[in-house]
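*Asks:* With the numbering used here as the guide, the letters of the sequence shown map in order to residues 286 to 1273. All residues carry an ideal CB built from backbone N, CA and C; glycine is no exception. Every value quoted in this text rests on a predicted model; they were computed, and no experiment measured them.
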Amino acid sequence: MDTTQDLQHWPLGPEQRQLADGSAVHVSSARSDEHIDAQRLQRALAEVAARHQALRFAYRELPGYRGLRQQEGGPPGIAATVTHDGAASHIALTMTALAADQASLPMLWRELKTAYDGQPLPDEVFQYSQYIEWRQDLDDDPEAVQGRAYWAGYLQQHAGAEPVQLSWRIAAPADAVPQYAAARANLDEQVLARLASLAKAQGATLETALQLAWWLLLARLQGSAHVSGGWLHDCRRDYDVMEGAIGVYEKLMPVAVQAVPGRSFNALLPELATALEAHRGAQEYCLASLRPAVSFSYREAPAKLPGWHVDDLSAPGAPAELALLIAGADASLYSDGLHYHAADSACLLEQYAALLAAIAQRPDSAVMDAPLPAGPVIEGRPLDPGQALLGERIAAWSTATPQAPALSEQGVVTSYQELEQNVARVALWMAAQGVQRGDLVALDLERCAGFVVALLAAWRQGAGYLPLDPHWPAGRRDAIVSDAAPALTVDADALAAAIAGAVDVQPVPTAVCSASDVAYVMYTSGSTGTPKGVIVEHGQLLNYVAGASQAMQLAASRRWALTGTVAADLGNTALFGALFNGACLVIASAAEMQDAPSFARFLAEHAVDAVKMVPSHLEALLDGDAATLPQCVVLGGEPASTAFVARLLHLRPDCRIYNHYGPTETTIGVMIHAVDGCAASAAVLPLTTALPNCRIQVLDAQLRPVPAGAQGELYIGGAQLARGYLNRDGGAVFVDDPQRPGQRMYRSGDLAWLLPRGGLVLAGRADHQLKIRGYRVEPAEIEAALLSAAGVRQAVVLAVADDAGQATLVAVVVPDNDAAASEAALREHLASRLPAHMLPGRYALLAALPRLANGKIDRAALAACAPQQRRTDLLAPRDALEFVLAGCMAELLACEQVGVDEDFFDLGGHSLLVIKLTARIRKLLKTEIAPGLVFDHASVEALARLLRASSSDVVQLERLAQAQRKLAQMSPEQRAALQERGRQGKAA
């Protein structure tokens, strides 16, 4: 090795270039039992710096050179400060991470203590400039080609490995400055001795065993069988000449581990040992641009310094978000606070220690099944909801606040006293029809005040109610009625007659209900394709309403909007939450929910202060300049993205927002999350609080609690578990709780990540798993990656069969208005995050996602939205109006062009896109069109004819269309110039 140097400045070494922009610093501290003389310490530091060139370097840009250069002179790269606490002193060293790596710090402290004590330091030491020159020489060495080929082959071999990214990782801006904190633990020395012994028997080292355990733990928590990260290796350990050198010698090399289920630790250890030995042989040729987000490093325990106690050796210089350092028996897990909470990192370190102990005890057992501490059970606080059932509670308001508004529909207000009178009339009528306690009463009614009266009347007679949607296909409706066999079906005409008192009946005694009587039967889609009725009892419903009222402060809202179908339980939060608390239920008409302006008027004119809606449905109704929000928003039915919540808070900063979750089988909802500001977080909102008397567990396939941070299936127990299914065996999903013998729990089918600090994040469905080219694929994971891309508001991934019958992943994306995502950008974004088999082959960019009547995503309609082969003989627009309409449709359907004779709905249009389309027509052409008319005039030419026929000023309509066509045909530069002229005109 050539140790001569005649250059005055040098480029950064490869390891220094891994430090991103070079702004990172080391802050390391020590405590002395005796008083430290500051001047003596400075002299000692100068003596140490004189020995190590790296400590004397300054870093700057020089003319004619690319990037930073380093040269002696200028401000030193290290400084020391001393503070005193009585007889003791504290020393702090601060230096740029470009001057020395973390492994240099123990050597630096040792030399500083030696110099401070007046002891001689070694004469010769390897200088960092020598290392840089040697590395430059290696680039021209014949072995360089072979070394680079090694790394290319290794990366290709493990191209399918998933980079470690744990479920509780927080999103943060890419340019944010890291904020490192450390969790620390002392590893059991007997466990370490056992691991060292078993490693030696396998021809490996303790370091390799500790590293393998780290990657296996992360693979298990991530749910991956093939993970990748970084090995932060100190090359000074491989070259005697570099012993004692200070500088940046640690290099971050890629490591991949295949955590094959069923294999033992002893079987996997030789494989990693072989790979790491090969890495050492080619370490000088590793790409400096590789920057894994999670790393492992190891070194021997530093020697003790008599009288000095080193407290903190700082975080690793390499920019890992999560870095485990083992030094002897001391484990330090450094985490970037921008991405990981300190409490979560402490939990991870505890799990690591537990895994080491399990491996040491049974190294030949399946390591991925090794016991780890069980994650927390999420339990709601105890609550006594009282003896009065919901019907009695609502009736009591007629005495307590008789004139207070109970219902409001289309400007007609019903007081609690009037509500009670109407309920009494209808209950008497139902009694005359033979309705008895234990019967079911079918309510074939729209969302209306009469529906509320009818369900309360059914309860008054001791019957449960069965909601039917009048818009259901006849076949579905008939199948449900046949299965449920209601004693009475109530339609709008019969209800109106009963309320008016047109039926002459004799008073009938009111039936007495108990908590175990049926409150309602709600039909949901069955996995076999046949709807199934969920039986919810009064006690379960009462627990939900009382618990939700407490957890979400429902009583603080006095005017709740009912906006969705009554044939699904999503709206029951508003319906019963309002009436339980003596508030007013404001019932929205179909017209008031048809577009953003109508919805905004509805909220304003009726002073609505609370609403519960599906996030994407609410989002479609906020598409406009008049967008407004009530003071309280409950989001349910689908995961809510943090990006959408940020938009809500921007629109109304004082808005109380709750994320709400619960299957129908567990009575409306069992978990919530109260949004606190809009701090950076995962792509979707978590669920952090169980409602009172509810018990949430995340279990594995053997019904064992998963470790904190791992994924499992969501099981729900407690006071809101429904009775079961009507006329069906629910044994497959209503199962015994192994943790609580004699109690049941509901197997939800929902997958969830159990967060270390409490709560969970939903991760898709266990039964939506796909098989792509032999690989198992969870669409939720791809959706989360799409949601993390710039300009993506919503994302759904599904599989669609291609012409050859092979399943192809299709990503359906709803872009943000202000930052529309492109297919090319999304492909690039996903390619950097997912293995090849998880990359969608086709993309569809839509303005909104199609919805079912209950507001949930219509996956069947989404499949129709997937990109298909389009006809090539498209009929082009023939005038300006058709040009504008075709452009609007093409934008919403995310296609290049729309033929004027093509059907909007055949191309993937749906009800929410109609809302978007009419909003664009209103904005561009200053004309009103009812969304319902689009269904009957679904092509460009038909819609253009309709607009001309209905316009009161056709000349103005044509003039606006021509102006919009001219604007659309301008170049970006021309549009910018036009906007500037407009601004100047306003200023004048």
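What residue range does the beta strand (DSSP E) around ASN471 cover?
*Replies:* Taking the sequence shown and counting its residues from 1, one reaches residue 471 at position 186. Residues 465-471.
*Asks:* Between the Cα of ASP402 and those of SER580, ARG345 and GLU332, spot the shortest distance and give me the residue it belongs to.
*Replies:* For the purposes of this step, residue 402 is identified with residue 117 of the sequence shown, where counting begins at 1. Comparing Cα positions, the closest option is GLU332.
*Asks:* Leaving out the 5 sequence neighbours to the left and right, which residues in its chain are closer than 6 Å to ALA1069 when beta-carbon positions are compared?
*Replies:* Residue mapping note: residue 1069 aligns to position 784 of the sequence shown, counting from 1. Answer for ALA1069: ALA968, listed in chain order.
*Asks:* Around the Cβ of PHE1168, are there at least 16 other Cβ atoms within 10 angstroms (buried) or fewer (exposed)?
*Replies:* Indexing the sequence shown from 1 puts residue 1168 at position 883. So PHE1168 counts as buried.
*Asks:* Classify ILE376 as helix, strand or coil using the three-state DSSP reduction.
*Replies:* Residue mapping note: residue 376 aligns to position 91 of the sequence shown, counting from 1. In the structure shown, ILE376 sits in a strand (DSSP, three-state: E or B).
*Asks:* Let me check understanding here. Comparing Cα to Cα, which of LEU480, CYS869, ILE1001 and ILE1142 lies closest to ASP649?
*Replies:* Residue 649 sits at position 364 when you count from the first residue of the sequence shown. Looking at the Cα atoms, LEU480 is the closest of the given residues.
*Asks:* Determine the contact status of GLY947 and PRO661, defining contact as a CB-CB distance below 8 Å.
*Replies:* Looking up residue 947 in the sequence shown gives position 662. Looking up residue 661 in the sequence shown gives position 376. With respect to PRO661, GLY947 sits apart: the two C-beta atoms are not nearer than 8 Å.
*Asks:* From GLU569 to PHE411, what distance separates their C-alpha atoms?
*Replies:* Counted from its first residue, the sequence shown places residue 569 at position 284. Counted from its first residue, the sequence shown places residue 411 at position 126. Roughly 17 Å separates the two Cα atoms.
*Asks:* Going by alpha carbons, who is nearest to ILE784 out of PRO758, THR699 and ASN857?
*Replies:* Your numbering for residue 784 matches position 499 in the sequence shown. For the residues PRO758, THR699 and ASN857, the minimum Cα distance to ILE784 belongs to THR699.
*Asks:* When you compare each of LEU730, ALA614, LEU780 and GLY749 to ASN707 by their alpha carbons, which one comes out closest?
*Replies:* As a position in the sequence shown, residue 707 is number 422, starting the count at 1. Selected option, being the one with the closest Cα: LEU780.
*Asks:* Leaving out five residues before and five after ASP802 in sequence, what residues of the same chain have Cβ atoms less than 8 Å from its Cβ?
*Replies:* If you number the sequence shown from 1, residue 802 lands on position 517. So the list reads ARG722, GLY723, GLY747, GLY749, GLU822 and HIS823, once near-sequence residues are dropped.
*Asks:* With C-beta atoms as the reference, is ALA1007 less than 8 Å away from GLU950?
*Replies:* Translated into the one-based positions of the sequence shown, residue 1007 becomes position 722. Translated into the one-based positions of the sequence shown, residue 950 becomes position 665. In this structure, GLU950 lies closer than 8 Å to ALA1007 by Cβ.
*Asks:* Looking at ALA1246: is its Cβ nearer than 8 Å to the Cβ of LEU1210?
*Replies:* Your numbering for residue 1246 matches position 961 in the sequence shown. Your numbering for residue 1210 matches position 925 in the sequence shown. In this structure, LEU1210 lies closer than 8 Å to ALA1246 by Cβ.
*Asks:* Can you tell me whether LEU1115 is buried or exposed, with buried defined as 16 or more other CB within 10 angstroms of its CB?
*Replies:* Sequence index remark: in the sequence shown, residue 1115 carries index 830 (1-based). In this structure LEU1115 is buried. Its beta-carbon is surrounded by 16 or more other beta-carbon atoms within 10 angstroms.
*Asks:* Could you tell me the distance, in whole angstroms, from the CA atom of LEU668 to the CA atom of THR858?
*Replies:* Locating residue 668 in the sequence shown gives position 383, counting from the first residue. Locating residue 858 in the sequence shown gives position 573, counting from the first residue. In a straight line, the C-alpha of LEU668 is about 18 Å away from that of THR858.
*Asks:* List the residues that DSSP assigns as beta-bridge partners of ASN944.
*Replies:* Looking up residue 944 in the sequence shown gives position 659. BP columns for ASN944 point to LEU920 and HIS958.
*Asks:* Could you give the uninterrupted runs of the alpha helix (DSSP H) lying entirely in the segment 463-542, keeping only those of 4 residues or more?
*Replies:* Qualifying alpha helix (DSSP H) stretches, in chain order: 474-486 and 491-507.
*Asks:* Would you kindly work out how many angstroms separate the C-alpha atoms of VAL893 and LEU839, rounded to a whole number?
*Replies:* Within the sequence shown, residue 893 is the residue found at index 608, counting from 1. Within the sequence shown, residue 839 is the residue found at index 554, counting from 1. Computed Cα separation, rounded: 13 Å.
*Asks:* Taking VAL1240 as the reference, which of ARG336, ALA742, ARG886 and ALA1165 has the closest Cα?
*Replies:* If you number the sequence shown from 1, residue 1240 lands on position 955. Comparing Cα positions, the closest option is ALA1165.
*Asks:* What number of angstroms, rounded off, separates the C-alpha of SER812 from the C-alpha of ARG1144?
*Replies:* Taking the sequence shown and counting its residues from 1, one reaches residue 812 at position 527. Taking the sequence shown and counting its residues from 1, one reaches residue 1144 at position 859. Because the pLDDT of SER812 is 49, which lies under 50, any placement of that residue in the model is unreliable, and the question is left without a value.
*Asks:* Can you tell me the Cβ-Cβ gap for VAL806 and LEU725, rounded? I've got them flagged as a contact below 8 Å.
*Replies:* Taking the sequence shown and counting its residues from 1, the one referred to as residue 806 is at position 521. Taking the sequence shown and counting its residues from 1, the one referred to as residue 725 is at position 440. With a Cβ gap of about 6 Å, VAL806 and LEU725 count as contacting.
*Asks:* Given ARG521, which residues of its chain have a CB within under 7 Å of its CB, disregarding the five upstream and five downstream residues?
*Replies:* As a working mapping, residue 521 is identified with position 236 in the sequence shown. Short of 7 Å from the beta carbon of ARG521, and not among the five residues preceding or following it, lie these beta carbons of its own chain, in chain order: MET527, GLU528, ALA530 and TYR534.
*Asks:* Looking only at its chain, what residues have a beta carbon closer than 7 Å to the beta carbon of ASP1087, apart from the 5 residues adjacent to it on each side?
*Replies:* Along the sequence shown, read from residue 1 onward, the residue named residue 1087 stands at position 802. In this prediction, ASP1087 scores a pLDDT of 46, lower than 50, which makes its location untrustworthy; no coordinate-derived value is stated.
*Asks:* For GLN791, which residues from the same chain have a beta carbon less than 7 Å from its beta carbon, with the 5 sequence-adjacent residues on both sides left out?
*Replies:* On the sequence shown, position 506 is the one that residue 791 refers to. Reliability of the predicted coordinates at GLN791 is poor, the pLDDT of 49 falling under 50, and the value obtained from them is presented with this limitation in mind. For GLN791, where only same-chain residues beyond five positions count, there are no Cβ hits under 7 Å.
*Asks:* Three or more beta-carbon pairs under 8 Å between the segment 970-986 and the segment 878-893, yes or no?
*Replies:* no
*Asks:* Whole-angstrom Cβ separation of LEU618 and LEU634, contact assumed at under 8 Å?
*Replies:* The residue labelled residue 618 in the question sits at position 333 within the sequence shown. The residue labelled residue 634 in the question sits at position 349 within the sequence shown. Right, the Cβ-Cβ distance comes to about 5 Å (below 8 Å), so this counts as a contact.
*Asks:* Give the straight-line distance between the Cα atoms of THR1203 and SER767, rounded to the nearest whole angstrom.
*Replies:* Here residue 1203 refers to the residue found at position 918 when the sequence shown is read from its first residue. Here residue 767 refers to the residue found at position 482 when the sequence shown is read from its first residue. Cα to Cα, THR1203 sits roughly 40 Å from SER767.
*Asks:* DSSP state of SER313, grouped into three classes?
*Replies:* On the sequence shown, position 28 is the one that residue 313 refers to. In this structure, SER313 counts as strand in the three-state DSSP scheme.
*Asks:* May I have a chain-ordered list of the alpha helix (DSSP H) segments no shorter than 4 residues that lie completely inside the segment 671-727?
*Replies:* 675-685 and 701-717
*Asks:* Runs of 3 residues minimum, wholly inside the segment 725-802: which ones carry the beta strand (DSSP E) assignment?
*Replies:* Correct list: 725-729, 749-753 and 773-775.
*Asks:* On the three-state DSSP scale, how would you describe CYS1283?
*Replies:* Within the shown structure, residues of the chain are numbered from 286 to 1273, placing residue 1283 beyond reach of any answer.
*Asks:* What's the call for THR493, buried or exposed, on a 16-neighbour Cβ count within 10 Å?
*Replies:* If you number the sequence shown from 1, residue 493 lands on position 208. Buried, by the Cβ-count rule.
*Asks:* Using alpha carbons as the reference points, say which of PRO1257, LEU970 and GLY1172 lies closest to SER1073.
*Replies:* Locating residue 1073 in the sequence shown gives position 788, where the first residue counts as 1. Answer by Cα proximity: LEU970.
*Asks:* Is it true that the segment 423-432 meets the segment 576-588, where meeting means three or more beta-carbon pairs spaced less than 8 Å apart?
*Replies:* no
*Asks:* Please name the residue or residues paired with LEU926 in a DSSP beta bridge.
*Replies:* Stepping through the sequence shown from its first residue, residue 926 is reached at position 641. The question names Leu, yet the displayed sequence has Ser at residue 926. According to DSSP, residue pairing for SER926 in a beta bridge involves VAL969.
*Asks:* Since ALA638 and LEU472 should fall inside the 8 Å C-beta cutoff, what is the C-beta to C-beta distance between them, to a whole number of angstroms?
*Replies:* Here residue 638 refers to the residue found at position 353 when the sequence shown is read from its first residue. Here residue 472 refers to the residue found at position 187 when the sequence shown is read from its first residue. That pair is a contact at about 6 Å.
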